[in-house]
Amino acid sequence: RGMGAHRFDHCLLYGDDIDNTMKLFIDILGFTLTEQVLAGPEKLVISAFMTCSNKPHDVAFIRQPCKGKFHHASFLLDNWGEVLKAADIISRNRVSLDIGPTRHGITRGETIYFFDPSGNRNEVFAG
16 RGMGAHRFDH CLLYGDDIDN TMKLFIDILG FTLTEQVLAG PEKLVISAFM
66 TCSNKPHDVA FIRQPCKGKF HHASFLLDNW GEVLKAADII SRNRVSLDIG
116 PTRHGITRGE TIYFFDPSGN RNEVFAG
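Residue numbers (this note's numbering): 16 to 142.
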């Protein structure tokens, strides 16, 4: 039925204090940093990916000049064929499409982003 998402996978949030957010998630919540992107000679953290499970990441943060901004929630599909099926369902139901179907640059995972009726960005992906 529907896109057939198996589970919630991760979310991505924006914030202006990634360093202290990382400290909270690592030191207080017990997450592990799995990946980060550093910029410039000062090695400013511009993104951080963290996990509390066996997944590559459960939560990610991107440095932005705003506080408390939600970017997307992501749900897992089986494979590229399921991502294409999701694209067809999005099209047939006139769901507002954001990006895709495409591949992520870093992980090469297959993905499609869309908006729910409340304006929240969602993703279904495989890989």
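Ideal Cβ placement from N, Cα and C applies to all residues, glycine included. Just so you know, these numbers come straight off a predicted model, no measurement behind them.
When G120, N35, A75 and S133 are compared against Q51, the one with the closest alpha-carbon: Translated into the one-based positions of the sequence shown, residue 51 becomes position 36. Considering only alpha carbons, the answer is A75.
Among Y29, L59, S68 and P56, which residue has its Cα nearest to the Cα of L48? As a working note, residue 48 is residue 33 in the sequence shown. Nearest C-alpha to L48: S68.
Which term fits S111, buried or exposed, when burial requires 16 or more other beta carbons within 10 angstroms of its beta carbon? Position 96 of the sequence shown, counted from the start, is the residue given in the question as residue 111. Classification for S111: exposed.
So, for D131: in the same chain, excluding its five sequence neighbours on each side, which residues have a beta-carbon less than 7 angstroms away from its beta-carbon? The residue given as residue 131 occupies position 116 in the sequence shown. Cβ within range, chain order: N137.
Around the Cβ of L59, are there at least 16 other Cβ atoms within 10 angstroms (buried) or fewer (exposed)? The residue you call residue 59 lines up with position 44 of the sequence shown. It counts as exposed.
For Q51, which beta-bridge partners are listed by DSSP? The count along the sequence shown starts at 1 and reaches residue 51 at position 36. Note: Q51 sits in a beta bridge opposite A63.
Between which two residues does the beta strand (DSSP E) holding G30 run? The residue given as residue 30 occupies position 15 in the sequence shown. First-last of the beta strand (DSSP E) with G30: F23 to G30.
Excluding five sequence neighbours on each side, which residues of the same chain lie with their C-beta closer than 7 angstroms to the C-beta of I104? The sequence position of residue 104 within the sequence shown is 89, counting from 1. Here the set comprises G17 and M18.
Determine, using beta carbons only, whether L44 and F85 come nearer to each other than 8 angstroms. Walking along the sequence shown from the start, residue 44 turns up at place 29. Walking along the sequence shown from the start, residue 85 turns up at place 70. No. Outside cutoff.
Can you tell me which of the three DSSP states V110 falls into? Position 95 of the sequence shown holds residue 110. Here V110 sits in coil by DSSP.
Boundaries of the beta strand (DSSP E) in which T126 is found, first to last residue: Along the sequence shown, read from residue 1 onward, the residue named residue 126 stands at position 111. Taken as a continuous stretch (DSSP letters only), the beta strand (DSSP E) holding T126 covers E125 to F130.
With a floor of 3 residues, list each beta strand (DSSP E) that falls wholly inside the stretch 76-110, ordered by position along the chain. 84-91
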